[in-house]
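Trainee: Protein sequence lines, in the order shown, are assigned to chains A and B. With positions in the first sequence counted from 1, the corresponding number in this note's numbering is that position plus 98. With positions in the second sequence counted from 1, the corresponding number in this note's numbering is that position plus 98. From the three backbone atoms N, C-alpha and C, an ideal C-beta is built for every residue, glycine too. I'd like to ask you about the structure that follows.
There are 2 protein chains.
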Amino acid sequence: MDAVSNRAGVGQQTGPLDLTADVVALTRALVDIPSESGQEGRIADAVEAALRPLPHLTVERTGNSVLARTDLGRPQRALLAGHLDTVPAAGNLPSRLHDDRVHGLGACDMKGGVAVALRLAATVPAPTRDLTYVFYECEEVEGDRNGLHRIAAERPELLRADLAILMEPSDAGVEAGCQGVLTADIVVRGARAHTARSWMGVNAAHLAAPVLQRLHDHTPERVVIDGLEYREGLSAVAVRAGVAGNVVPDECVITVNSRFAPSRSPQEAEEYVRGLFPEYEVRVTEVVPGALPGLDRLAGLVSALDASPRPKLGWTDVARFAALGTPALNYGPGDPTLAHTAGEYVPVEHLRTCEERLRKWLLQAL
Amino acid sequence: MDAVSNRAGVGQQTGPLDLTADVVALTRALVDIPSESGQEGRIADAVEAALRPLPHLTVERTGNSVLARTDLGRPQRALLAGHLDTVPAAGNLPSRLHDDRVHGLGACDMKGGVAVALRLAATVPAPTRDLTYVFYECEEVEGDRNGLHRIAAERPELLRADLAILMEPSDAGVEAGCQGVLTADIVVRGARAHTARSWMGVNAAHLAAPVLQRLHDHTPERVVIDGLEYREGLSAVAVRAGVAGNVVPDECVITVNSRFAPSRSPQEAEEYVRGLFPEYEVRVTEVVPGALPGLDRLAGLVSALDASPRPKLGWTDVARFAALGTPALNYGPGDPTLAHTAGEYVPVEHLRTCEERLRKWLLQAL
Numbered sequence: 099m100d101a102v103s104n105r106a107g108v109g110q111q112t113g114p115l116d117l118t119a120d121v122v123a124l125t126r127a128l129v130d131i132p133s134e135s136g137q138e139g140r141i142a143d144a145v146e147a148a149l150r151p152l153p154h155l156t157v158e159r160t161g162n163s164v165l166a167r168t169d170l171g172r173p174q175r176a177l178l179a180g181h182l183d184t185v186p187a188a189g190n191l192p193s194r195l196h197d198d199r200v201h202g203l204g205a206c207d208m209k210g211g212v213a214v215a216l217r218l219a220a221t222v223p224a225p226t227r228d229l230t231y232v233f234y235e236c237e238e239v240e241g242d243r244n245g246l247h248r249i250a251a252e253r254p255e256l257l258r259a260d261l262a263i264l265m266e267p268s269d270a271g272v273e274a275g276c277q278g279v280l281t282a283d284i285v286v287r288g289a290r291a292h293t294a295r296s297w298m299g300v301n302a303a304h305l306a307a308p309v310l311q312r313l314h315d316h317t318p319e320r321v322v323i324d325g326l327e328y329r330e331g332l333s334a335v336a337v338r339a340g341v342a343g344n345v346v347p348d349e350c351v352i353t354v355n356s357r358f359a360p361s362r363s364p365q366e367a368e369e370y371v372r373g374l375f376p377e378y379e380v381r382v383t384e385v386v387p388g389a390l391p392g393l394d395r396l397a398g399l400v401s402a403l404d405a406s407p408r409p410k411l412g413w414t415d416v417a418r419f420a421a422l423g424t425p426a427l428n429y430g431p432g433d434p435t436l437a438h439t440a441g442e443y444v445p446v447e448h449l450r451t452c453e454e455r456l457r458k459w460l461l462q463a464l
Numbered sequence: 099m100d101a102v103s104n105r106a107g108v109g110q111q112t113g114p115l116d117l118t119a120d121v122v123a124l125t126r127a128l129v130d131i132p133s134e135s136g137q138e139g140r141i142a143d144a145v146e147a148a149l150r151p152l153p154h155l156t157v158e159r160t161g162n163s164v165l166a167r168t169d170l171g172r173p174q175r176a177l178l179a180g181h182l183d184t185v186p187a188a189g190n191l192p193s194r195l196h197d198d199r200v201h202g203l204g205a206c207d208m209k210g211g212v213a214v215a216l217r218l219a220a221t222v223p224a225p226t227r228d229l230t231y232v233f234y235e236c237e238e239v240e241g242d243r244n245g246l247h248r249i250a251a252e253r254p255e256l257l258r259a260d261l262a263i264l265m266e267p268s269d270a271g272v273e274a275g276c277q278g279v280l281t282a283d284i285v286v287r288g289a290r291a292h293t294a295r296s297w298m299g300v301n302a303a304h305l306a307a308p309v310l311q312r313l314h315d316h317t318p319e320r321v322v323i324d325g326l327e328y329r330e331g332l333s334a335v336a337v338r339a340g341v342a343g344n345v346v347p348d349e350c351v352i353t354v355n356s357r358f359a360p361s362r363s364p365q366e367a368e369e370y371v372r373g374l375f376p377e378y379e380v381r382v383t384e385v386v387p388g389a390l391p392g393l394d395r396l397a398g399l400v401s402a403l404d405a406s407p408r409p410k411l412g413w414t415d416v417a418r419f420a421a422l423g424t425p426a427l428n429y430g431p432g433d434p435t436l437a438h439t440a441g442e443y444v445p446v447e448h449l450r451t452c453e454e455r456l457r458k459w460l461l462q463a464l
């Protein structure tokens with residue numbers, strides 16, 4: 099952080115958010131309100147305060163999530179959602195505008211997308227579809243803290259819609275559906291012994307070699323759905339063995355993370371991984387389904403956004419909408435591979451493109 | 099711990115140690131003075147107080163180590179050493195006498211041996227060799243805290259002797275020399291990526307498979323010295339990989355522990371391990387030489403102890419005496435494989451045998 103960009107100080111944003119301002123200024127203002135997961139109070143206050151005065155919106159606050167909706171009696175309802183929280187700061191506050199990019203914590207993931215949605219909420223009072231905007235907390239942490247998860251569990255009627263747009267960074271293109279995620283521990287067992295008499299034990303770490311080799315040799319499948327290729331993955335994300343410096347370890351645990359195509363059910367995904375390691379204990383610790391792209395139900399939206407859909411490989415909250423029966427896609431400014439990096443930024447061009455195309459779609463005759 | 103054995107309470111030993119008492123009672127009294135590494139103050143006080151009044155001994159205290167020596171002008175000097183500390187308690191205090199065994203923390207490793215040495219110090223005022231008894235602290239922790247190490251570094255003249263007996267548990271038999279120890283990290287490198295796009299990275303955990311397989315397939319050597327077979331070992335004692343649950347790890351570190359015959363130098367041991375993994379980064383973190391059995395210089399002692407020497411496979415402080423040029427062996431009561439177990443005990447028969455044979459040797463004409 100250089101002296102010039104730091105002049106404004108971190109977290110000095112005290113004035114209200116100006117939703118009529120340019121989307122770039124609004125993105126910077128949002129970045130400058132620190133909102134690490136669990137500490138979204140200030141940003142939720144600011145968002146709520148900016149939306150409450152707007153006569154065309156009904157605003158509701160739940161926890162540190164804010165919902166705003168039009169009730170124009172339109173035949174369809176669309177939902178736009180974005181999370182307010184960020185991962186922890188990494189020396190990347192306050193915001194900085196450089197080379198036509200807004201730099202700073204959360205600029206990409208996903209305050210740029212939130213700024214676009216807030217701009218639309220404020221400046222499109224008479225959309226052709228009714229709209230529900232959801233600005234939610236705790237997306238970057240455990241799923242049971244996720245604001246969208248909580249609202250879906252406690253008050254699912256608030257999320258009812260004919261389609262949903264999750265404004266996660268997707269390079270201002272459409273990323274359809276998302277893959278599922280399975281995490282499992284593969285447990286290799288041995289028997290302890292003092293290393294001075296290692297032959298009296300069975301070294302579980304040595305016995306883990308075939309598990310790791312099988313992961314190395316495994317070729318994940320590529321599954322095509324609606325013309326989109328979902329490329330799966332199966333990775334060891336952790337290996338843990340070790341009792342003490344002079345002890346042959348009696349256990350080695352390999353944690354694997356599987357990304358599976360949305361056409362597979364969680365049960366199929368589990369059977370697939372177990373089938374690869376039939377002779378080992380496999381403990382599945384988490385499995386969440388993906389979301390089918392559902393492009394047949396989203397064709398009009400995709401066409402209006404003027405984008406060729408790509409498959410979303412990472413898991414996102416679109417899967418929560420899929421679980422509610424609502425077709426959803428990812429569409430937002432920013433390169434998703436920059437998410438969670440200290441150098442994250444969002445291109446000004448993405449912000450303007452997303453705002454413009456969504457505005458056009460919101461005003462398009464049904 | 100049952101109610102009966104607990105009646106005396108833990109650490110209630112307040113009276114002075116009675117060195118004229120039976121070796122079994124003395125072992126129990128020593129067990130009942132808690133002396134986890136770093137907390138040897140009370141037991142060192144008790145040992146010092148018991149030895150100071152003896153007119154044939156010169157007693158010196160350094161830290162929580164106590165040395166006592168005769169100065170009878172004998173042509174040879176022997177050294178008997180035992181450590182006062184124990185590993186942390188595991189519900190195994192106070193001492194308990196059952197089935198002709200003394201049970202309790204440190205009974206085997208090595209308060210039984212300390213009791214034998216204290217009995218000899220008190221009751222053999224005119225040995226045929228001059229004697230140095232060393233009761234030292236911090237054997238169960240990092241080498242640079244070890245009392246014997248500290249004395250050897252600061253005042254090596256205190257340890258000068260023609261031969262040394264380390265009273266580590268050896269089943270009341272002679273365990274000669276000791277193997278060396280090398281610890282090294284084998285580092286396998288890859289490249290991070292999000293697991294949703296795992297093919298963009300290189301999974302270091304997967305690449306660790308050949309290292310673990312090679313350890314599994316490796317056949318350690320057996321080296322015969324002075325008729326004793328030193329069986330070597332090479333074990334992974336820890337495997338560590340893992341950045342986060344959704345990240346392909348870029349590093350996997352396998353910590354290996356090598357036990358090498360005392361005929362190999364530390365440098366040879368290092369070259370041996372490096373030679374097994376030529377294509378990997380190998381970081382040697384610790385290497386300590388073993389001790390040759392030196393039976394030619396210890397033949398009289400071995401004969402007096404009426405024992406067939408066995409090779410010592412674990413590393414012990416005999417290596418410190420070897421480094422000082424002093425031939426040394428392990429001889430003490432207790433089964434070494436019970437050391438550091440919650441159920442450790444020392445057989446009464448071992449205590450009596452060790453005391454009797456050493457007493458005979460101390461009084462034997464040169």
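Could you tell me which uninterrupted beta strand (DSSP E) segments, each at least 3 residues in length, are contained entirely in the stretch 142-220 of chain A, listed from first to last along the chain?
Mentor: Correct list: 156-160, 163-167, 175-181, 194-196, 199-201.
Trainee: Can you find a C-beta in chain A that's less than 7 Å from the C-beta of residue 333 (chain B)?
Mentor: Stepping through the second sequence from its first residue, residue 333 (chain B) is reached at position 235. Closer than 7 Å: yes.
Trainee: To the nearest angstrom, how far is the alpha carbon of residue 241 (chain B) from that of residue 344 (chain A)?
Mentor: Counting from one through the second sequence, the residue named residue 241 (chain B) turns up at place 143. Counting from one through the first sequence, the residue named residue 344 (chain A) turns up at place 246. Spanning the two alpha carbons is a distance of roughly 14 Å.
Trainee: Would you mind telling me which residues of chain A sit closer than 9 Å to residue 382 (chain B), beta carbon to beta carbon, in chain order?
Mentor: The count along the second sequence starts at 1 and reaches residue 382 (chain B) at position 284. Chain A residues near residue 382 (chain B): none, gap ~14 Å exceeds 9 Å.
Trainee: Which residues, in chain order, does the stretch 350-381 of chain A contribute to contact with chain B at a C-beta distance below 9 Å?
Mentor: The residues in question are 350, 352, 353, 355, 356, 357.
Trainee: Could you spell out the range, first to last residue, of the alpha helix (DSSP H) harbouring residue 398 (chain A)?
Mentor: The residue you call residue 398 (chain A) lines up with position 300 of the first sequence. Taken as a continuous stretch (DSSP letters only), the alpha helix (DSSP H) holding residue 398 (chain A) covers 393-402.
Trainee: Whether or not the stretch 392-409 of chain B and the stretch 296-311 of chain B are in contact is what I'm after, with contact meaning three or more pairs of Cβ atoms, one per stretch, closer than 8 Å; do they touch?
Mentor: Segments in contact, no.
Trainee: What are the residues in the stretch 279-301 of chain A lying within 9 Å of chain B by C-beta distance?
Mentor: Taking 9 Å as the Cβ-Cβ cut-off against chain B, the residues of the stretch 279-301 of chain A that qualify are 279, 281, 291, 292, 293, 294, 295, 296, 297, 298, 299, 301.
Trainee: For residue 434 (chain B), which three-state DSSP category applies?
Mentor: Walking along the second sequence from the start, residue 434 (chain B) turns up at place 336. It is helical.
Trainee: Do you know offhand how far residue 427 (chain B)'s Cα is from residue 388 (chain B)'s?
Mentor: In the second sequence, residue 427 (chain B) corresponds to position 329, counting from 1. In the second sequence, residue 388 (chain B) corresponds to position 290, counting from 1. Whole-angstrom Cα-Cα distance: 12 Å.
Trainee: Assign residue 373 (chain B) to one of three DSSP states: helix, strand, or coil.
Mentor: Here the question's residue 373 (chain B) lines up with position 275 in the second sequence. Helix, per DSSP.
Trainee: Can you list, in chain order, the residues of its chain whose CB lies under 6 Å from that of residue 316 (chain A), leaving out five sequence neighbours each side?
Mentor: Residue 316 (chain A) sits at position 218 when you count from the first residue of the first sequence. Excluding positions up to five away in sequence, the list reads 332.
Trainee: For the ligand PLP, any of its heavy atoms closer than 6 Å to the Cβ of residue 309 (chain A)?
Mentor: Inclusion of the ligand PLP in the displayed structure is not the case, the ligand content being empty and no account of it being possible.
Trainee: Could you spell out the range, first to last residue, of the beta strand (DSSP E) harbouring residue 281 (chain A)?
Mentor: Within the first sequence, residue 281 (chain A) is the residue found at index 183, counting from 1. 278-287 is the extent of the beta strand (DSSP E) around residue 281 (chain A).
Trainee: What residue from B:390, B:386, B:306 has the CA that sits closest to residue 375 (chain B)'s CA?
Mentor: Stepping through the second sequence from its first residue, residue 375 (chain B) is reached at position 277. Answer by Cα proximity: B:306.
Trainee: Rounding to the nearest angstrom, what Cα-Cα distance links residue 128 (chain A) and residue 324 (chain A) in this structure?
Mentor: Here residue 128 (chain A) refers to the residue found at position 30 of the first sequence. Here residue 324 (chain A) refers to the residue found at position 226 of the first sequence. Their backbone Cα atoms lie some 36 Å apart in a straight line.
Trainee: With a CB to CB cut of under 7 Å and the five nearest residues on each side skipped, what residues in its chain are close to residue 383 (chain B)?
Mentor: Taking the first residue of the second sequence as 1, we reach residue 383 (chain B) at position 285. Taken in chain order, the residues that qualify are 281, 282, 283.
Trainee: Please report the distance separating the alpha-carbon of residue 342 (chain A) from that of residue 336 (chain B).
Mentor: Residue mapping note: residue 342 (chain A) aligns to position 244 of the first sequence, counting from 1. Residue mapping note: residue 336 (chain B) aligns to position 238 of the second sequence, counting from 1. Looking at the two C-alpha atoms, the distance is approximately 8 Å.
Trainee: Need the endpoints of the beta strand (DSSP E) that residue 230 (chain B) sits in, please.
Mentor: The residue given as residue 230 (chain B) occupies position 132 in the second sequence. Element bounds for residue 230 (chain B): 228-234.
Trainee: Under 9 Å between beta-carbons, which chain B residues line up against residue 411 (chain A)? List them in chain order, please.
Mentor: Position 313 of the first sequence holds residue 411 (chain A). Within chain B, the residues near residue 411 (chain A) are 292, 294, 295.
Trainee: Is it a yes or a no for the stretch 191-198 of chain B touching the stretch 422-439 of chain B, going by three-plus beta-carbon pairs under 8 Å?
Mentor: The answer is no - the stretch 422-439 of chain B does not touch the stretch 191-198 of chain B, with fewer than three Cβ pairs under 8 Å.
Trainee: For residue 151 (chain B) and residue 190 (chain B), what's the separation of their Cα atoms in angstroms?
Mentor: As a working note, residue 151 (chain B) is residue 53 in the second sequence. As a working note, residue 190 (chain B) is residue 92 in the second sequence. Spanning the two alpha carbons is a distance of roughly 32 Å.
Trainee: Rounded C-beta distance between residue 124 (chain B) and residue 217 (chain B)? I'm assuming under 8 Å.
Mentor: Taking the first residue of the second sequence as position 1, residue 124 (chain B) is located at position 26. Taking the first residue of the second sequence as position 1, residue 217 (chain B) is located at position 119. Indeed they touch by this definition, with Cβ atoms about 6 Å apart.
Trainee: Which residues bound the beta strand (DSSP E) around residue 331 (chain B)?
Mentor: Here the question's residue 331 (chain B) lines up with position 233 in the second sequence. First-last of the beta strand (DSSP E) with residue 331 (chain B): 331-340.
Trainee: Assess, as a yes-or-no matter, whether the stretch 251-269 of chain B is touched by the stretch 434-442 of chain B under the definition of 3 or more beta carbon pairs within less than 8 Å.
Mentor: In short, these stretches touch, since the Cβ pair count reaches three.
Trainee: Does the beta carbon of residue 181 (chain B) sit closer than 7 Å to a beta carbon anywhere in chain A?
Mentor: For the purposes of this step, residue 181 (chain B) is identified with residue 83 of the second sequence, where counting begins at 1. Not closer than 7 Å to any Cβ of chain A, the Cβ of residue 181 (chain B) fails to qualify, so no.
Trainee: Compare the C-alpha of residue 214 (chain A) against each of A:421, A:444, A:409, A:464 and name the closest.
Mentor: Within the first sequence, numbered from 1, the residue matching residue 214 (chain A) stands at position 116. The option with the nearest alpha carbon to residue 214 (chain A) is A:444.
Trainee: Can you name the residues of chain B whose CB is closer than 9 Å to the CB of residue 338 (chain A)?
Mentor: Mapped onto the first sequence, residue 338 (chain A) falls at position 240. Per Cβ cutoff of 9 Å: 336, 337, 338, 339, 340.
Trainee: Return the CA-CA distance between residue 452 (chain B) and residue 252 (chain B), expressed in angstroms with no decimal places.
Mentor: For this step, residue 452 (chain B) is matched to residue 354 along the second sequence. For this step, residue 252 (chain B) is matched to residue 154 along the second sequence. Roughly 31 Å between the two C-alpha positions.
Trainee: Compare the C-beta of residue 346 (chain A) with all C-beta atoms of chain B and state if any pair is closer than 7 Å.
Mentor: On the first sequence, residue 346 (chain A) is found 248 positions in, with the first residue counted as 1. Yes - at least one Cβ of chain B is within 7 Å of the one on residue 346 (chain A).
Trainee: Compute the distance between the beta-carbons of residue 349 (chain A) and residue 287 (chain A), then report whether it is under 7 Å.
Mentor: One-based indexing of the first sequence puts residue 349 (chain A) at position 251. One-based indexing of the first sequence puts residue 287 (chain A) at position 189. Contact: yes.
Trainee: Run through chain A and tell me which residues come within less than 8 Å of residue 314 (chain B), C-beta to C-beta.
Mentor: Here residue 314 (chain B) corresponds to residue number 216 of the second sequence, with the count starting at 1. Simply 301, 304, 305, 307.
Trainee: If you follow the alpha helix (DSSP H) that residue 250 (chain B) is part of, which residue opens it and which one closes it?
Mentor: Within the second sequence, residue 250 (chain B) is the residue found at index 152, counting from 1. Where residue 250 (chain B) is concerned, the enclosing alpha helix (DSSP H) stretches over 245-252.
Trainee: Report all residues from its chain with a CB closer than 7 Å to the CB of residue 293 (chain B); omit the five preceding and five following residues, and keep chain order.
Mentor: On the second sequence, position 195 is the one that residue 293 (chain B) refers to. If we look at residue 293 (chain B) and ignore the five residues flanking it on each side, its Cβ neighbours are 344, 345, 346.
Trainee: Roughly how many angstroms lie between the CA atoms of residue 413 (chain B) and residue 404 (chain B), to the nearest whole one?
Mentor: Along the second sequence, read from residue 1 onward, the residue named residue 413 (chain B) stands at position 315. Along the second sequence, read from residue 1 onward, the residue named residue 404 (chain B) stands at position 306. Taking the straight line from one Cα to the other gives about 24 Å.
Trainee: Measure the C-alpha to C-alpha separation of residue 422 (chain A) and residue 302 (chain A) and round it to an integer number of angstroms.
Mentor: Numbered from 1 along the first sequence, position 324 holds the residue referred to as residue 422 (chain A). Numbered from 1 along the first sequence, position 204 holds the residue referred to as residue 302 (chain A). Cα-Cα distance, rounded: 44 Å.
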